[in-house]
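*Asks:* Pasting in a structure now, in structure tokens, and then I'll have a few things to ask.
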Amino acid sequence: MELKFLGASGTVTGSSYLLTANKTKVLIDFGMFQGTSAEEELNFRPFSFNPKEVDALFLTHAHLDHCGRLPLLVKNGFSGPIFATTATRELAEIVMFDSAKIAEYENFYEPMYTDSDVVDTLALFKLVSFHEQVVFRNLLVEYFNAGHILGAASIKFTNKTSGKSVIFSGDIGSYPDPLVPYTEFIDSADWVVMESTYGGKIHPTSDPVTEFARFLVEADRGKRTLLIPAFAIQKTQVLLEMISAMKRQGVVSADLPVYLDSPMAFDVTKIYMDHKDEISTSNFSFPGLVFTAKGGQSKKIHKQKGAKVIIAGSGMMNGGRILSHAKKYLNQKRTMLLFVGYQAEETLGREIKEGAERVFIDGKEIFVNAQIDAIETLSSHADQPRLINWLKQIKNVEEVFLTHGEDEARIPLALNIRRETEVGEVNLPVLDEEVVLVE
Ligand SMILES: [Zn+2]
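Shown next as structure tokens:
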């Protein structure tokens, strides 16, 4: 068996691996590179393999950095099945169409792919249930719940001829998660490819509900505007669920207006509600919740006086409707801007979070007079102790490959894996590295 690292090797995005077992070639994920312009350029580099020779693709989950370049793969000749859970397929549909729209808008010459490539990609999906024994040629494949977002999986491949097996962790949730099931542990494998996004961190133990309530109560009582740049998948649903509970318990006024100003987040929320049996709660609706479908309605929010909460994408403020709200409210002292997730380098969110006194939005200079805060406890990625605990449950691991993390995260993780586990070897692969697992 051979393994090639096609992305997320020393960085967080662009997840993709090529696994060759005898004559069978399969890809695991084919995600978008995101973040700095140098990373984004990797999206346009020539393929280092022939997409026509790949027999199948196994998708771990629907985040853009895992599924974002599937239509590009199909556009370049891949025509095999794409295996995914039902929820992943539904979420990936939204994510890929959204990405096609942005690509068409941003790319002056030729977009990376179009709607019709997304349609072709969706036609290749084959649905898999967790724990179903999928046989693909000489591989036995099993999906385990990764507890990260709805539908997210870790995938184990066993070579039927040799009996040797390799696990791809996908993204591992920060178990227990407020919405999705507890991350599943897997009993054994010879090799593990593990994410390391927060491999260098220990998440704070403070209660996110208490932390978030502070800002909501302040907006409500102080008649202030609370702006939340939110990620459409999972984080928005967690916020809605928390607000719903606070309204039911009378922590904030029942009539406090909450605007969900993101059509994508609205569509994703509907999918979460369609999969009620896979999540712990689906109380995402409450009095005072207003969904603004059209851009014009979004502007009307600015006429609303007094207390209000605006949840709008994108989560890192590098696009989306949050920008029009930032233009309107960022220079006002009465505004609170609350970050609830990771802010990548070279994004407006990162700039503001790091204390910029003025920023430029669509060429307009805006002074940052708003109160800037962040909640660090809403992560949907496992921290170092959780990653190591997940790995420890897997018996007989000969070698672990740490991916999907920057070196400052995976180096300390590697040290502690060597110290605390019985794993034979820890490897930090670089982009395009090829390893022979077994002859
Ligand atoms: Zn993810």
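The sequence shown runs 1373 to 1811 under the numbering used here. Don't be surprised by glycine CBs; every beta carbon is placed ideally from N, CA and C.
(1) Say yes only if the C-beta of Asp1627 is nearer than 7 Å to one or more non-hydrogen atoms of ligand 1, and no if none qualify.
(2) Identify the continuous beta strand (DSSP E) that holds Pro1784 and give its terminal residues.
(3) Mind listing which residues have their beta carbon within less than 5 Å of any non-hydrogen atom of ligand 1? Chain order is fine.
(4) To the nearest angstrom, how far is the alpha carbon of Ser1388 from that of Tyr1515?
(5) Do Asp1646 and Ala1684 have their beta-carbon atoms positioned less than 8 Å apart in this structure?
(6) Figure out for me which residue from Met1618, Phe1421, Phe1405, Asn1415 has the closest Cα to the Cα of Glu1806.
(7) For Asp1755, tell me which candidate among Leu1787, Gly1571, Met1404, Ser1409 has the shortest Cα-Cα distance.
(8) Would you call Val1681 buried or exposed, if buried means 16 or more other Cβ atoms sit within 10 Å of its Cβ?
(9) Given a threshold of 16 other Cβ atoms within 10 Å of its Cβ, counted over all protein chains shown, does Phe1377 qualify as buried or as exposed?
(10) To the nearest angstrom, how far is the alpha carbon of Ile1615 from that of Gly1622?
(11) Determine the contact status of Ser1568 and Ala1781, defining contact as a CB-CB distance below 8 Å.
(12) Would you report the Cα separation of Pro1550 and Gly1523, rounded to the nearest angstrom?
(13) Taking only runs that begin and end inside the segment 1631-1673, name each unbroken beta strand (DSSP E) of 3 or more residues, in chain order.
(14) Pick out whichever of Glu1374, Phe1430, Leu1375, Thr1383 has its Cα sitting closest to the Cα of Ile1783.
(15) Could you check what DSSP says for Ile1724 in three-state terms: helix, strand or coil?
(16) Just to confirm before moving on: does the CB-CB distance between Ala1393 and Asn1510 stay below 8 Å?
(17) Regarding Glu1717 and ligand 3, is the C-beta to nearest heavy atom distance less than 7 Å?
(18) Enumerate, from N- to C-terminal direction, the unbroken beta strand (DSSP E) stretches of 3 or more residues contained entirely within the segment 1425-1509.
(19) Going by beta carbon distance, what residues of the same chain come within less than 7 Å of Phe1557, once the five residues before and after it are set aside?
(20) From Glu1583 to Phe1540, what distance separates their C-alpha atoms?
(21) Starting from the N-terminal side, write out each stretch of the alpha helix (DSSP H) that is 4 residues or longer and does not extend beyond the segment 1376-1432.
(22) Who does Ala1525 pair with in a DSSP beta bridge?
(23) Using CA coordinates, which residue listed in Trp1563, Ser1546, Leu1800 is at the minimum distance from Thr1555?
(24) Have a look at Leu1588, Lys1675, Ile1651, Thr1664 and flag the residue whose alpha-carbon is nearest the alpha-carbon of Leu1628.
(25) Whose C-alpha, out of Lys1498, Asn1788, Glu1771, Arg1790, is nearest the C-alpha of Pro1801?
(26) Alpha carbon to alpha carbon, what distance is there between Glu1482 and Lys1397?
(27) As a quick exercise: from Ala1561, Met1689, Leu1611, pick the residue whose alpha carbon is nearest that of Thr1653.
(28) Judging by CA-CA distance, which residue of Asp1734, Glu1729, Arg1730 is the nearest neighbour of Gly1355?
*Replies:* So, from the listed chains and residues:
(1) In the sequence shown, the residue the question calls residue 1627 occupies position 255. Answer for Asp1627: no, Cβ out of range of ligand 1.
(2) On the sequence shown, position 412 is the one that residue 1784 refers to. No beta strand (DSSP E) holds Pro1784; the alpha helix (DSSP H) holding it covers 1779-1792.
(3) His1435, Asp1543
(4) As a working mapping, residue 1388 is identified with position 16 in the sequence shown. As a working mapping, residue 1515 is identified with position 143 in the sequence shown. Cα-Cα distance, rounded: 17 Å.
(5) As a first step, residue 1684 must be located in the sequence shown, where it is residue number 312. As a first step, residue 1646 must be located in the sequence shown, where it is residue number 274. Result no, Cβ atoms of Ala1684 and Asp1646 do not sit closer than 8 Å.
(6) Along the sequence shown, read from residue 1 onward, the residue named residue 1806 stands at position 434. The option with the nearest alpha carbon to Glu1806 is Phe1421.
(7) The sequence position of residue 1755 within the sequence shown is 383, counting from 1. Among Leu1787, Gly1571, Met1404, Ser1409, the Cα nearest to that of Asp1755 is on Gly1571.
(8) Start at 1 with the first residue of the sequence shown, and residue 1681 comes out as number 309. It counts as buried.
(9) Taking the first residue of the sequence shown as position 1, residue 1377 is located at position 5. Flag for Phe1377 reads buried.
(10) Residue 1615 sits at position 243 when you count from the first residue of the sequence shown. Residue 1622 sits at position 250 when you count from the first residue of the sequence shown. Going from the Cα of Ile1615 to the Cα of Gly1622 covers about 10 Å.
(11) Within the sequence shown, residue 1568 is the residue found at index 196, counting from 1. Within the sequence shown, residue 1781 is the residue found at index 409, counting from 1. For Ser1568 and Ala1781, yes; Cβs fall inside 8 Å.
(12) Reading the sequence shown from its first residue, position 178 is the one you call residue 1550. Reading the sequence shown from its first residue, position 151 is the one you call residue 1523. Looking at the two C-alpha atoms, the distance is approximately 15 Å.
(13) 1661-1663
(14) Taking the sequence shown and counting its residues from 1, one reaches residue 1783 at position 411. Per the Cα distances, Thr1383.
(15) Here the question's residue 1724 lines up with position 352 in the sequence shown. Three-state DSSP puts Ile1724 in a helix.
(16) Position 21 of the sequence shown, counting from 1, holds the residue named residue 1393. Position 138 of the sequence shown, counting from 1, holds the residue named residue 1510. Less than 8 Å divides the Cβ of Ala1393 from the Cβ of Asn1510.
(17) Among the ligands present in this structure, namely ligand 1, ligand 3 is not found.
(18) 1428-1430, 1454-1456, 1497-1499, 1506-1508
(19) The count along the sequence shown starts at 1 and reaches residue 1557 at position 185. Answer for Phe1557: Trp1762, Gln1765, listed in chain order.
(20) Working through the sequence shown from its first residue, we reach residue 1583 at position 211. Working through the sequence shown from its first residue, we reach residue 1540 at position 168. When rounded, the distance between both Cα atoms is 34 Å.
(21) Fully enclosed alpha helix (DSSP H) runs of 4 or longer: 1409-1413.
(22) The residue labelled residue 1525 in the question sits at position 153 within the sequence shown. Per DSSP, Asn1517.
(23) Here residue 1555 corresponds to residue number 183 of the sequence shown, with the count starting at 1. Of the listed residues, the one whose Cα sits closest to Thr1555 is Ser1546.
(24) As a first step, residue 1628 must be located in the sequence shown, where it is residue number 256. Per the Cα distances, Leu1588.
(25) For the purposes of this step, residue 1801 is taken as the residue at position 429 of the sequence shown. Comparing alpha carbon positions, the residue from Lys1498, Asn1788, Glu1771, Arg1790 closest to Pro1801 is Glu1771.
(26) Within the sequence shown, residue 1397 is the residue found at index 25, counting from 1. Within the sequence shown, residue 1482 is the residue found at index 110, counting from 1. Inter-residue distance for Lys1397 and Glu1482 is about 30 Å (C-alpha atoms, whole angstroms).
(27) Stepping through the sequence shown from its first residue, residue 1653 is reached at position 281. Residue nearest to Thr1653 within the set Ala1561, Met1689, Leu1611 is Leu1611 (criterion: CA-CA distance).
(28) Limits of the chain in this structure are 1373 at one end and 1811 at the other, which puts residue 1355 out of reach.
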